Amino acid sequence: MLPEQAAKLDNQDPLRNFRNQFVINDPSVVYLDGNSLGRLPKSTVRLMEEIVTDQWGNELISSWNKHWYQKSIQLGDKIAKIIGADPGEVIVSDSTSVNLYKLAFAAVTYQKPRRKIISDSFNFPSDLYIFQGLKQAFSESLEIELIRSQDEITISNEQVCSAIDQKTALISLSHVAFKSAFMYDMKYVTGLAHDAGAMALWDLSHSVGAVPIRLNEWNVDMAVGCTYKYLNGGPGAPAFLYVRKDLQEKLHSPIQGWFGAANPFDFSLDFHASPGIRGFLTGTPPVLSLSGIEPGLDVILKAGMENIREKSILQTAYFIDLWREKLLPLGFSLKSPLPTDQRGSHVSIAHPEAFRIVKALIDPSILGYSVVPDFREPDNIRFGIAPLYNSFEEIVLAVQKLAYIMQHRAHEQYSLEKENVT
Ligand SMILES: *Cc1c(COP(=O)(O)O)cnc(C)c1O
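Going letter by letter, the sequence shown gives residues 607 to 1028 in my numbering.
This is how it looks when you write it as structure tokens:
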């Protein structure tokens, strides 16, 4: 592991200047957690100042017409460019979990009498909780079947194929698994669903902004996703949802609020859904957080998803090469797929002492710098690589610190006490 090699890779990197578009005040922090909370774009700072001071402070309610009312749809159209959809097919609204509920409910209702939802054992737990709640809403008549991973890293197309049957209403999976980074072949799996008369609803939270997605080309029915991870939209920024154009009049949101009504300001006593994607809105959006999403999207569109993916593959592969050379001998196992076409933009490794090792990684008093990954139960350390701002040098620094910690048993001084957010 020659640091010179990383320097060379950084020099050759066509995206290297994008790092300057982000607020990075402390160069001693190696931030490898962009898949949990993306960094702050510099232009977001200026925009938020303007929104608070001018739009809210000075223009007050007139800002609804001037700036805010169309924001959910305008930003949806921008996200559409990133995920291969058409304008009018994506809207920003609510959280990913709530959007999943709305779309899964709509799909299961539409697919009556089919009554089975298929997901997998390493989907994001919130998604599974949503399906469990849905089962209650449908008076237990829904069946939820989870495809189990054999190795906790991958799920094969054959497993998906044998799970789908004529009772299946919906298959709903994360495109990229939050723990292992396993990536499904979305086009192929969507095709399997359609062949059996089922619909496909994808959670793009761990793939949007990290891997190219072509929802239209792959004939995807529905999708949801986060904006605060690789899209760098800010903590708690609202999520997005996609419904393919020809399905928009067939699917109905179960949470009918005035923002999803055709004419909210008629104050009609009866709900009439807005045509198009707007019918999937519910209530007033969090305008500050919503508006703050835009600069992150602009950076991604400028860099280009293909370029981002190319660098991401190089970086995750580099990390895995270093793992094999430096970390495997120290007891770390790889928990992400090796084939690049099955891997998103993070890499997971496992160690029985993972929790305390992460504490040592974050502690800047060891080696004079902090490395910020995620700990994921029970023994996973997840390194999110955001090609827009992560360098190859940062990957070397992370691996060097891991090796140092193990060689000096530096993790043993930390307690096993956990905080609210890990
Ligand atoms: C981060 C993430 C979520 C988050 O959902 P919210 O409701 O927006 O908090 C959902 N699904 C997946 C796959 C995620 O990675």
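Built from N, CA and C at the ideal position, the CB exists for glycine as well.
Bear in mind that the values here come from a model prediction, so they are computed numbers and not experimental data.
Under 8 Å between C-beta atoms of residue i and residue j
i, j, result
"SER859", "ALA712", "yes"
"SER976", "VAL636", "yes"
"ALA710", "PHE744", "no"
"LYS932", "ALA879", "no"
"LYS684", "LEU903", "yes"
"LYS1041", "VAL629", "Outside the shown range of the chain (607 to 1028) lies residue 1041, about which nothing can therefore be said."
"ARG988", "LYS785", "yes"
"ASN623", "SER951", "no"
"GLY803", "GLN772", "yes"
Buried or exposed (CB count within 10 angstroms, at least 16 for buried), residue i
i, result
"GLU655", "exposed"
"HIS1014", "exposed"
"LEU837", "buried"
"PHE873", "exposed"
"THR890", "exposed"
"ILE667", "exposed"
"VAL658", "exposed"
"SER768", "exposed"
"SER725", "buried"
"THR702", "buried"
"LEU875", "exposed"
"PHE871", "exposed"
"ASP801", "exposed"
"VAL1027", "exposed"
Cβ-heavy atom distance, residue i to ligand 1, below 7 Å
i, result
"ASP757", "no"
"THR650", "no"
"ALA806", "no"
"PHE730", "yes"
"HIS812", "yes"
"CYS832", "yes"
"PHE784", "yes"
"LYS835", "yes"
"ASP809", "yes"
"ASP904", "no"
"THR702", "yes"
"SER780", "yes"
Neighbour flag for residue i against chain C, beta carbons, 8 Å
i, result
"ARG720", "You won't find chain C in this structure, because it holds only one protein chain."
Residue i versus residue j: straight-line alpha-carbon distance, rounded
i, j, result
"TRP808", "VAL795", "10 Å"
"GLY885", "LEU706", "15 Å"
"VAL782", "PHE730", "10 Å"
"ARG652", "THR922", "32 Å"
"GLN661", "ASP700", "22 Å"
"LEU934", "ALA1004", "14 Å"
"PHE877", "LEU887", "13 Å"
"TYR848", "ALA1016", "47 Å"
"ASP969", "THR760", "32 Å"
"LEU812", "CYS832", "Reading off the sequence, residue 812 comes out as His, not Leu. Each residue's alpha carbon lies about 8 Å from the other."
Residue i beta carbon near ligand 2 (any heavy atom closer than 7 Å)
i, result
"ALA845", "What this structure holds is ligand 1, not ligand 2."
(request) Pick out the complete alpha helix (DSSP H) segments inside the region 863 to 916, 4 residues or longer, and give them in chain order. (result) 893 to 897, 900 to 909
(request) With a floor of 3 residues, list each beta strand (DSSP E) that falls wholly inside the region 723 to 799, ordered by position along the chain. (result) 749 to 753, 774 to 780
(request) Enumerate, from N- to C-terminal direction, the unbroken beta strand (DSSP E) stretches of 3 or more residues contained entirely within the region 802 to 853. (result) 805 to 809, 828 to 831, 846 to 849
(request) Give, in chain order, every unbroken run of the beta strand (DSSP E) that is at least 3 residues long and sits entirely within the region 684 to 723. (result) 696 to 698
(request) Return the chain-ordered ranges of every beta strand (DSSP E) run that is complete within the region 934 to 994 and spans a minimum of 3 residues. (result) 952 to 956, 976 to 978, 980 to 982, 986 to 990
(request) May I have a chain-ordered list of the alpha helix (DSSP H) segments no shorter than 4 residues that lie completely inside the region 644 to 679? (result) 648 to 656
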